[in-house]
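What follows is one structure encoded as C-alpha cells, with my remarks underneath.
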Amino acid sequence: MKHHFSSRVAGAKRSAIRELLKLTEQPDIISFGGGLPAPETFPHEEMAEIAAELIRTNYQNVLQYGLTEGSKTLRQAVCDWLRPQGLQVTIDELLVTTASQQALDLLCKAFIDPGDVVFCGLPTYLGAVQAFSLFQTGMIGVPLEDDGMNLDELERRIEKARDAGKTLKAVYVIPDFQNPSGITMSLAKRKRLLEIARREDLVIFEDNPYGHLRFAGEPIPSICSMDEEGRVILLLTFSKTLCAGLRLAVMLARGDLMDALVRAKQATDLCTSKLTQHLAAQYMLRYGLEKHLAEIRPIYKVKRDAMIAALERYMPKDAGIRWTEPEGGLFVWVRLPEGIDATEMLPDAIAHKVAYVPGASSYVDGDGQNTMRLSFSLATPDVIDEGIRRLAGVVKATIEAKAVPSTARR
Ligand SMILES: Cc1ncc(COP(=O)(O)O)c(C=O)c1O
4 MKHHFSSRVA GAKRSAIREL LKLTEQPDII SFGGGLPAPE TFPHEEMAEI
54 AAELIRTNYQ NVLQYGLTEG SKTLRQAVCD WLRPQGLQVT IDELLVTTAS
104 QQALDLLCKA FIDPGDVVFC GLPTYLGAVQ AFSLFQTGMI GVPLEDDGMN
154 LDELERRIEK ARDAGKTLKA VYVIPDFQNP SGITMSLAKR KRLLEIARRE
204 DLVIFEDNPY GHLRFAGEPI PSICSMDEEG RVILLLTFSK TLCAGLRLAV
254 MLARGDLMDA LVRAKQATDL CTSKLTQHLA AQYMLRYGLE KHLAEIRPIY
304 KVKRDAMIAA LERYMPKDAG IRWTEPEGGL FVWVRLPEGI DATEMLPDAI
354 AHKVAYVPGA SSYVDGDGQN TMRLSFSLAT PDVIDEGIRR LAGVVKATIE
404 AKAVPSTARR
C-alpha cells in the first residue's frame, strides 16, 4: 500500500535519544535521563479525595465537554495565584491547554508558516524543537552564557536572517533553570530581550515549567510580567508544580494573540479534560499551590545538593569538566572535554548501569557533542551518589581511551 504522508510528518524524526533511553527502564539502571518530576511530590491522597468527590457529586459537569478557553474556576484560581507574583492577569487572558507540549503545538499552528524563523537557545528543550520542526520552522540557535542567551549574538543572527530575506516570528526562551542547561536568564537580559523583541517586532514565547521550583537564590520577574505591549506569551505547566499526569497548563496571551490560539485549540481538541482542570482547581482552592510548592522545593534541593556533591567527589579533577549548579528545576548540565562525544559514550554508560541525555540532541546547529543533561529528580540522594560514581568511571575511562591531550581540554 502506498502511504500518503504529509511532507511535515515525513520529515519529522523520532528522537533517537528517546529510543535509546527506553533501554534505561530496566530496574538496575540508574537513570538521570528522563525529565520526570519526583512522584513523592504528587499530593496523591488529596487528589484521590477530590477526584472521588467531584465524580460523585459533580459528574454532570466534570465528565462533560467544557469551554475551549478552559474552566473559569481553574482560570480564576490561576489569576489569584499569579497576582501576588506581580502578574496581573484576567481570566480572558488565560487559555488552559493539555499541558505545555500542546501549548507549543498551538504556538506553531497560530504563528508559523513553513520557513518562518524562531530563535532559540543553544541548547534548548528537545520537545520544543520537535514541535517547531513538525511545522517546518527555521530554528536558529543562539549560544547561551552563564546568565542566559547571548543577546549580542541574537542581534547579529536577527540581522543576518533578515538580510537573507527570512520571515522572523519569535524568540523561544526558558528563562528559569532552563531545560536542559539549568541556566537562568538575568534580569538585565530579560529587559534587553524585551527591547530587542519590540524593536524587531518579534513575539517572545516564554516557557516556564521550572520557575516555581526555585530552592535557592532570589526569584527574578518573568519577562511576561514586564511586558507592556502584549508581545510575550507565557507557558505555565502544572506538570512540575502539581502532577505531570494531569496534562494541564495555562498559556497567558493578550488580545489578537489569544484569539488566534483559541481558534487553533478548538480545531485541535475542542477542550482540555474538564476532570483534570477541576482536580487542579479544587486542589488550589482547598490546599493552595504556594503551600504545596513550599513543601516540594526542599525535596529537589536535597537531590540537587547530592548530585553536585557527587560530581565534585567523583569526576576526574584536572580534565576540565564543568557543570552548572542550578538554583531550581531538575537539571544539571555537564560539559565534558572537547573531543569526548556523550552520544558515543552512552552505550558504555548503559553497560555500566547508568544513563543520561546526551546534549547534542538539544542543539539545533548540530553542536554540543561533549555535553550531557543529568536529571536529579527521580533518584534518592544515595542512588544519585552511586549513579554519579558509575558515570564518573565511564567518563574517566573514555578520556583515557581518547588520550585527550590537556591542551585540547577546556
Ligand atoms: C521547557 C519545557 N517545556 C515544555 C515541557 C512540556 O511539559 P508538559 O507538556 O508536561 O507541560 C517540558 C517538559 O519537560 C519542558 O521542559
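If you use the numbering used here, the sequence shown corresponds to residues 4 to 413, in order. Yeah, the Cβ is synthetic: ideal placement off N, Cα and C, and Gly gets one too.
Looking at residue 359 and ligand 3, is the gap between the Cβ and the nearest heavy atom below 7 angstroms? With respect to small molecules bound, the structure shown includes ligand 1 and not ligand 3.
Below 8 angstroms on the Cβ atoms is my contact criterion, and I expect residue 130 with residue 358 to pass it. Report the Cβ-Cβ distance as a whole number of Å. For the purposes of this step, residue 130 is taken as residue 127 along the sequence shown, with counting starting at 1. For the purposes of this step, residue 358 is taken as residue 355 along the sequence shown, with counting starting at 1. No, residue 130 and residue 358 are not in contact; Cβ-Cβ is about 18 angstroms, not under 8 angstroms.
Okay, do the segment 194 to 208 and the segment 160 to 179 touch, 3+ Cβ pairs below 8 angstroms being the bar? yes
Once you ignore the five residues that flank residue 258 on each side, which residues in its own chain have a CB closer than 8 angstroms to its CB? Counting from one through the sequence shown, the residue named residue 258 turns up at place 255. Once the five neighbours on either side are set aside, the close Cβ partners of residue 258 are 233.
Go through its chain and collect everything with a Cβ distance to residue 310's Cβ below 7 angstroms, but skip five positions before and after it. Mapped onto the sequence shown, residue 310 falls at position 307. Excluding residues within five positions, the ones whose Cβ falls inside 7 angstroms are 335, 377, 379, 387, 391.
Check whether the Cβ of residue 178 sits closer than 7 angstroms to any heavy atom of ligand 1, and report yes or no. Indexing the sequence shown from 1 puts residue 178 at position 175. Outside the cutoff, so no.
Beta bridge counterpart(s) of residue 142 as assigned by DSSP: Position 139 of the sequence shown, counted from the first residue, corresponds to residue 142. DSSP output for residue 142 lists 121 as bridge partner(s).
Who does residue 206 pair with in a DSSP beta bridge? The residue given as residue 206 occupies position 203 in the sequence shown. For residue 206, which the question treats as bridged, DSSP gives the partners 173.
Is any heavy atom in ligand 1 found nearer than 7 angstroms to the beta carbon of residue 104? Position 101 of the sequence shown, counting from 1, holds the residue named residue 104. Residue 104: yes, Cβ under 7 angstroms from ligand 1.
Nearest-angstrom Cα separation, counted from residue 279 out to residue 347: In the sequence shown, residue 347 corresponds to position 344, counting from 1. In the sequence shown, residue 279 corresponds to position 276, counting from 1. Cα to Cα, the separation comes out at about 41 angstroms.
Which two residues bound the contiguous beta strand (DSSP E) that contains residue 338? Mapped onto the sequence shown, residue 338 falls at position 335. Run containing residue 338: 334 to 338, per the beta strand (DSSP E) assignment.
Residues of its chain near residue 283, where Cβ-Cβ distance is below 7 angstroms and the 5 sequence neighbours each way are ignored: Here residue 283 corresponds to residue number 280 of the sequence shown, with the count starting at 1. Taken in chain order, the residues that qualify are 77, 241, 245, 249, 251.
Taking a contact to mean a Cβ-Cβ separation below 8 angstroms, would you say residue 332 touches residue 345 in this structure? Translated into the one-based positions of the sequence shown, residue 332 becomes position 329. Translated into the one-based positions of the sequence shown, residue 345 becomes position 342. Their beta carbons are not under 8 angstroms apart, which means residue 332 does not touch residue 345 by this criterion.
What does the alpha-carbon distance come out to for the pair residue 10 and residue 127? Position 7 of the sequence shown, counted from the first residue, corresponds to residue 10. Position 124 of the sequence shown, counted from the first residue, corresponds to residue 127. For residue 10 and residue 127, the distance between alpha carbons rounds to 24 angstroms.
Mapping the DSSP letters down to three states, classify residue 331 as helix, strand or coil. One-based indexing of the sequence shown puts residue 331 at position 328. Note: residue 331 maps to strand in three-state DSSP.
What span of residues does the beta strand (DSSP E) with residue 236 cover, start to end? For the purposes of this step, residue 236 is taken as the residue at position 233 of the sequence shown. Looking at the DSSP string, the run of the beta strand (DSSP E) that includes residue 236 is 235 to 240.
Measure from the alpha carbon of residue 272 to the alpha carbon of each residue in 230, 106, 54, 97, then state which is nearest. The sequence position of residue 272 within the sequence shown is 269, counting from 1. Checking every option, the nearest Cα to that of residue 272 belongs to 106.
Beta-bridge pairing of residue 375 - partner residues as DSSP gives them: Against the sequence shown, residue 375 aligns to sequence position 372. DSSP output for residue 375 lists 337, 361 as bridge partner(s).
Using only the alpha-carbon positions, how far apart do residue 343 and residue 199 sit? Locating residue 343 in the sequence shown gives position 340, where the first residue counts as 1. Locating residue 199 in the sequence shown gives position 196, where the first residue counts as 1. Rounded to whole angstroms, residue 343 to residue 199 spans 36 angstroms at the Cα level.
Close beta carbons around residue 114, own chain, < 6 angstroms, minus the five adjacent residues each side: Stepping through the sequence shown from its first residue, residue 114 is reached at position 111. Closer than 6 angstroms at the Cβ level, and outside the excluded window around residue 114, lie 172.
What first and last residue would you give for the beta strand (DSSP E) that runs through residue 254? The sequence position of residue 254 within the sequence shown is 251, counting from 1. Start and end: 252 to 255.
Say the cut is 7 angstroms; is the CB of residue 212 nearer than that to a heavy atom of ligand 1? Looking up residue 212 in the sequence shown gives position 209. At least one heavy atom of ligand 1 is nearer than 7 angstroms to the Cβ of residue 212, so yes.
In whole angstroms, give me the CA-to-CA distance for residue 370 and residue 230. Counted from its first residue, the sequence shown places residue 370 at position 367. Counted from its first residue, the sequence shown places residue 230 at position 227. Approximately 33 angstroms, taken between the alpha carbons.
In chain order, what are the residue ranges of uninterrupted alpha helix (DSSP H) at least 4 long that sit wholly in the segment 254 to 321? 258 to 272, 277 to 290, 292 to 317
Contact between the segment 209 to 221 and the segment 322 to 331 (3+ Cβ pairs under 8 angstroms): yes
Report the residue from 30, 97, 136 whose alpha carbon sits nearest the alpha carbon of residue 15. To locate residue 15, count along the sequence shown from 1; it is residue 12. Answer by Cα proximity: 136.
Which two residues bound the contiguous beta strand (DSSP E) that contains residue 216? Taking the first residue of the sequence shown as 1, we reach residue 216 at position 213. Neither: residue 216 is in no beta strand (DSSP E) and is coded neither H nor E.
Where do the ends of the beta strand (DSSP E) carrying residue 99 lie? By 1-based counting over the sequence shown, the position of residue 99 is 96. It spans 97 to 100 - the beta strand (DSSP E) in which residue 99 sits, taken as one unbroken run.
Please classify residue 3: does DSSP put it in a helix, a strand, or coil? Nothing about residue 3 can be reported from this structure: the residues present for the chain run from 4 to 413 only.
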